[in-house]
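> What follows is a structure written as structure tokens; I'll ask about it next.
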Amino acid sequence: MQGIREIADIVKQNNNFVITSHVNPDGDSLGCELALAHFLRKIGKSATILNHNETPKFYEFLDKRNELIKFHPDLHKDIILNTDVIFVVDTNQSDRLRSLEKPVLQSKAIKVIIDHHLEAGDFADFYLIDSEATSTAEILYKFLLSMDNDIIDYDIAHPLYTAIMTDTGSFRFPRTDIETHQIIAHLLHFGVDPTEVYSKVYESWTLGRMRLLGEVLDTAKTEYDGKLAYIVCSQKMFDATGTTEVETDNFTNYPMSIEGVQIGLLFNELDDGIKISFRSKGDIPVNELAKEFGGGGHKNAAGARLFGVKLEEIVKEVIMKAQKYV
Ligand SMILES: [Mn+2]
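Right, here's the structure in full:
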């Protein structure tokens, strides 16, 4: 991987590190933050993790030492401005840092991105990107081993395992391969318990989330001879079930599980706009479709956010434009 040596030197030559990731953090972003912070402390550095959002409930088990800190400008802005290095993991777009974007861009710290998404933005100094990797965690794993072959322990393996498990949909998404399983096998050597991790992430639903899923599935429709399926989640449903957007994590898998579906869509109506999640099978570049709405992502998984638009109208428009992809 390009950049691996330069970034290793940056780690060796500096002492204070801030680690952050994208809005609405997921298993990959949180797992990478914690693994990287633990690694840095293990080699004698100081590391602070700052996130735009609070940690979702079902990922709190990863954070036994309360290291995942919700960013407050008054309390934490100076940490970002005065640190030596800022690591941004699992995104390469500065606007996805939300409330951290401004201080990160203002900071004179060396900015390093570790990520597996396409079309990197250009706000950082160094990039460690592999868009073929299942997860940022896979890239981070290789980076950590390149620095020290013996560095991995339970506290690094546990969040990395969680990150890879969640970003591969429990080891079934297309880019899961021999190497992924080899990395997982290695991580299991350090005492990670697959049953525990799966149960903490996927079997810790609230009743509200279950009811939200029920309401969302009720909206399922297909188009184009069953090749496209979509579901819609409205603000009313969030209110009625006492849930928030984070709890729609993985809902996109449901339209994809209808036989014959090649494109699956989830429309989320949020306070300030509409979030669309795009999924596809095989060679359908759903990131191109996302791009038509100002979004982006991977070939088989992408997203877009639109502001100042009506839910019903945007649903119609996306489905119309999806026709040439099915
Ligand atoms: Mn990821």
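Counted from 1, the sequence shown has number 265 at position 265 by this note's numbering; the numbering is strictly sequential.
For each residue, glycine too, the CB sits at the ideal point set by N, CA and C.
Here the structure is a predicted model, which means the values were calculated and not measured.
Which whole-angstrom value is the C-beta distance of L81 and Q106, which I expect to be below 8 Å?
On the sequence shown, position 81 is the one that residue 81 refers to. On the sequence shown, position 106 is the one that residue 106 refers to. Yes, they are in contact, since the Cβ atoms of L81 and Q106 sit about 6 Å apart, within 8 Å.
> Give me every residue whose Cβ sits closer than 7 Å to any heavy atom of ligand 3, in chain order.
Only ligand 1 can be found as ligands here, which leaves ligand 3 out of the picture.
> Starting from the C-beta of G242, find all residues in its chain whose C-beta is less than 6 Å away, skip the five residues before and the five after it, and write them out in chain order.
Here the question's residue 242 lines up with position 242 in the sequence shown. Correct list, in chain order: G208.
> Where does V85 sit, in a helix, a strand or coil, going by DSSP?
As a working mapping, residue 85 is identified with position 85 in the sequence shown. If DSSP states are grouped into helix, strand and coil, V85 belongs with the strands.
> Does DSSP put L118 in a helix, in a strand, or in coil?
In the sequence shown, the residue the question calls residue 118 occupies position 118. Reduced to three states, the DSSP call for L118 is coil.
> Closest to K377 by CA distance: which of A229, D130, P103 and V88 is it?
The structure shown does not extend to residue 377, since the chain spans only 1 to 326, so no value can be given for it.
> Could you compute how far the alpha carbon of N14 sits from the alpha carbon of A47?
Here residue 14 is taken as the residue at index 14 of the sequence shown, counted from 1. Here residue 47 is taken as the residue at index 47 of the sequence shown, counted from 1. For N14 and A47, the distance between alpha carbons rounds to 11 Å.
> Within this structure, are the beta carbons of L228 and F251 separated by less than 8 Å?
In the sequence shown, counting from the first residue as 1, residue 228 sits at position 228. In the sequence shown, counting from the first residue as 1, residue 251 sits at position 251. No, these two residues do not count as a Cβ contact at 8 Å.
> Return the Cβ separation of T134 and T162 in integer angstroms, given the expectation that the two are a contact with Cβ distance under 8 Å.
Numbered from 1 along the sequence shown, position 134 holds the residue referred to as residue 134. Numbered from 1 along the sequence shown, position 162 holds the residue referred to as residue 162. Rounded, the Cβ-Cβ distance is 13 Å, inconsistent with contact.
> How should F71 be labelled, buried or exposed, when 16 other C-beta atoms within 10 angstroms of its C-beta is the threshold for buried?
Here residue 71 refers to the residue found at position 71 when the sequence shown is read from its first residue. With 16 or more Cβ atoms within 10 Å of its Cβ, F71 is classed as buried.
> So what's I49 in DSSP terms, helix, strand or just coil?
Along the sequence shown, read from residue 1 onward, the residue named residue 49 stands at position 49. The answer is strand: DSSP assigns I49 an E or B state.
> Have a look at A37 and G31 and give me their C-alpha separation to the nearest angstrom.
The residue you call residue 37 lines up with position 37 of the sequence shown. The residue you call residue 31 lines up with position 31 of the sequence shown. Each residue's Cα considered, the two are about 10 Å apart.
> Report the residue ranges of all beta strand (DSSP E) runs contained in full by the stretch 210-235; include only those spanning at least 3 residues, in chain order.
221-223 and 228-233
> By Cβ distance, which residues of its chain are closer than 8 Å to E292, with the 5 residues on each side in sequence left out?
Here residue 292 refers to the residue found at position 292 of the sequence shown. So the qualifying residues of the chain are K321.
> Evaluate the contact criterion for the stretch 270-278 versus the stretch 150-159: three or more CB pairs, one atom per stretch, below 8 Å.
no
> Cα separation between Q2 and A109?
For the purposes of this step, residue 2 is identified with residue 2 of the sequence shown, where counting begins at 1. For the purposes of this step, residue 109 is identified with residue 109 of the sequence shown, where counting begins at 1. Using only the alpha carbons, I get a separation of about 21 Å.
> Using three-state DSSP, classify N66 as helix, strand or coil.
Numbered from its first residue, the sequence shown carries residue 66 at position 66. Coil.
> The beta strand (DSSP E) spanning K275 covers which residue range?
The sequence position of residue 275 within the sequence shown is 275, counting from 1. G273 to S280 is the span of the beta strand (DSSP E), which, as asked, contains K275.
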